[in-house]
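If you use the working numbering, the sequence shown closes out at 396, no skipped numbers anywhere. Contents: one structure, followed by commentary.
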Amino acid sequence: MMNKFPKINFIGNKEKIADWISNYFPKDAKSIFDAFSGGGSVSYQAKLQGLKVISNDVLTVNHLISKSLIENNFETLDKNDLEIIFSGKPLKGFMFKNYSNVFFFPEECMELDLYRQNIEKLNSEYKKSLSLTLLRRAMVRKMPYSRFNINWDKVLQLRDEENSYEKYKRKRAYHNQSFKSHFLENIDEYNKAVFDNKQNNISLNEDVFNLLGKVKADIIYLDPPYTGTMNNYFGFYGLIDSYISSTIKEPFKNNFVDKKTSIELFDTLFSNLKNYKYWMLSYNNSSFPTKEQLLYLLSKYSDDVQIIERKHNYKVTGKEKKEINKEYLFIVKNTRLLTKSKKEYVTAEL
Ligand SMILES: C[S@@+](CC[C@H](N)C(=O)[O-])C[C@H]1O[C@@H](n2cnc3c(N)ncnc32)[C@H](O)[C@@H]1O
47 MMNKFPKINF
57 IGNKEKIADW
67 ISNYFPKDAK
77 SIFDAFSGGG
87 SVSYQAKLQG
97 LKVISNDVLT
107 VNHLISKSLI
117 ENNFETLDKN
127 DLEIIFSGKP
137 LKGFMFKNYS
147 NVFFFPEECM
157 ELDLYRQNIE
167 KLNSEYKKSL
177 SLTLLRRAMV
187 RKMPYSRFNI
197 NWDKVLQLRD
207 EENSYEKYKR
217 KRAYHNQSFK
227 SHFLENIDEY
237 NKAVFDNKQN
247 NISLNEDVFN
257 LLGKVKADII
267 YLDPPYTGTM
277 NNYFGFYGLI
287 DSYISSTIKE
297 PFKNNFVDKK
307 TSIELFDTLF
317 SNLKNYKYWM
327 LSYNNSSFPT
337 KEQLLYLLSK
347 YSDDVQIIER
357 KHNYKVTGKE
367 KKEINKEYLF
377 IVKNTRLLTK
387 SKKEYVTAEL
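Written as structure tokens, this is what we have:
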């Protein structure tokens, strides 16, 4: 049976081109470090290809996606788990107190508070992360524009099905469907996506700048937020991190949002990649730094840089108007590594 990546709904995901990217994984590579793993589509593709995958994301909600679908090789949710997750009465907890009429209605917040408490009763960390990943998808589906930086007035307006139909000819009824029904609708698909690729895959939850030099892999794949595009990941999903931890989270640093610091971040990133034999970087033609600037930065560290381009059509508005967006894949062979002895570049092994 072919395992399939489930519906995650992640802004800026590489789902449609993960296959294309994976065609360029060097044939001699046995492991990959997906340092900005987000919704996990590239990690999943690499897992399907039998590589040992180490996924990482600074946001806990994204780390849980890869914990449940990449690191987890076996555990799924069964009837008994569902009984635990959905038993009891909605309660006034963290979400009710802090986010009623901010992103969800008070009674919806109370449901989330109940489920959060119940999920802790499950008997394995993988079951907990799979449940939170399903709940994440439900939260994202119920949120207009699928992100948590929309103000309440707009949420109310877009959750009003009549109004939405009048204005946009779409009712968007899924915003008003319950968390539970979204969860149940997707559970089979998520369960089926769990598989064993006979590797000891690992999911991490760190700022990437704390990990370079510590994680060993043949390839490092870099898909950072594209500076200059809509890329505020804490704004999109930070609320779910607050929900998971029951504490109001602060935005993370090193986020690639600011144009002024983005070049410096890339330079620091590249200067710390000596461990990896191959570097693969995704970027596009409407972001900053430009292709030429990135090439300049990369060529400071390697004299073997290849750029693959791919036309990528995406919808600009609800209309059929399409614009050409070029997706780049930089493939860097770490020529320095090849001339140094192994001891010099592997500082730690996971
Ligand atoms: C473009 S998305 C990755 C999309 C992913 N390849 C996919 O297919 O879904 C970039 C990700 O980088 C994460 N991120 C941003 N800054 C980071 C940092 N300093 N360390 C680790 N992750 C970071 C964001 O949380 C976001 O999930």
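Even glycine gets a Cβ: it sits at the ideal position worked out from N, Cα and C.
Here Asn-321 is buried: its Cβ has 16 or more other Cβ atoms, across all protein chains shown, within 10 Å. When only Cα atoms are considered, Thr-106 and Asn-301 end up about 15 Å apart. Secondary-structure assignment with DSSP links His-358 through a beta bridge to Asn-371.
DSSP, read as helix, strand or coil, puts Ile-100 in strand. Per DSSP, the continuous alpha helix (DSSP H) segment holding Met-141 begins and ends at 140 to 145. For Ser-192, the closest of Glu-171, Phe-150, Ile-116 by C-alpha to C-alpha distance is Phe-150. Residue pairing by DSSP places Asp-80 opposite Ser-101, Tyr-267 in a beta bridge. With a threshold of 8 Å, the Cβ atom of Val-261 does not count as near ligand 1, since no heavy atom of the ligand is closer than that. Excluding residues up to 5 positions away in sequence, Val-99, Ile-116, Asn-243, Asn-247 lie with their Cβ nearer than 7 Å to the Cβ of Lys-93 in the same chain. Note on geometry: alpha-carbon atoms of Phe-142 and Asp-127 lie some 24 Å from one another. Of Pro-136, Leu-340, Asn-118, the smallest CA-CA separation from Ser-308 is found for Leu-340. In the DSSP assignment, Ile-233 falls within the alpha helix (DSSP H) that extends over 225 to 239.
Scanning its chain for C-beta atoms nearer than 6 Å, with the 5 sequence neighbours on each side dropped, one finds around Ile-354 the residues Leu-375, in chain order.
Cα atoms of Ala-219 and Ser-345: separation of roughly 50 Å, rounded to the nearest angstrom. Classified as buried, Asp-159 has 16 or more neighbouring CB atoms from the shown chains inside 10 Å of its CB. Within the same chain, and ignoring the five residues on either side of Asn-237 in sequence, the residues whose Cβ sits closer than 7 Å to its Cβ are Thr-122, Leu-123.
When DSSP reads this structure, Ile-248 sits in a beta bridge with Ile-100.
With the rule of 3 Cβ pairs closer than 8 Å, the segment 257 to 269 counts as touching the segment 74 to 82. Listed in chain order, the non-local C-beta contacts of Leu-311 below 7 Å within the same chain comprise Asn-300, Phe-302, local neighbours out to five positions each way being set aside.
DSSP places Asn-330 in the uninterrupted beta strand (DSSP E) bounded by 324 to 330. No alpha helix (DSSP H) of 4 residues or more sits fully in the segment 280 to 314.
Looking at the backbone, the Cα of Ser-291 and that of Asp-350 are separated by about 44 Å. With the rule of 3 Cβ pairs closer than 8 Å, the segment 52 to 59 does not count as touching the segment 201 to 216.
In the DSSP assignment, Ser-133 falls outside any alpha helix (DSSP H) and carries neither an H nor an E. For Lys-305, the Cβ stays outside the 8 Å cut-off from all heavy atoms of ligand 1.
DSSP lists Phe-376 as the beta-bridge partner residues of Ile-353.
With respect to Asp-103, Asn-251 sits close: the two C-beta atoms are nearer than 9 Å. Of the other Cβ atoms in all chains shown, fewer than 16 fall within 10 Å of the Cβ of Thr-381; this residue is therefore exposed. Your pair Met-156 and Leu-137 checks out as a contact, with CB atoms roughly 6 Å apart and the cut at 8 Å. Around the C-beta of Arg-356, fewer than 16 other C-beta atoms lie within 10 Å, and the residue is accordingly described as exposed. From the listed residues Asp-304, Phe-280, Lys-305, Lys-306, the smallest Cα separation to Glu-296 is found for Phe-280. DSSP, reduced to helix, strand and coil, places Phe-120 outside both helices and strands of the structure shown, so it counts as coil.
Counted as a single uninterrupted DSSP element, the alpha helix (DSSP H) harbouring Lys-337 occupies residues 337 to 345.
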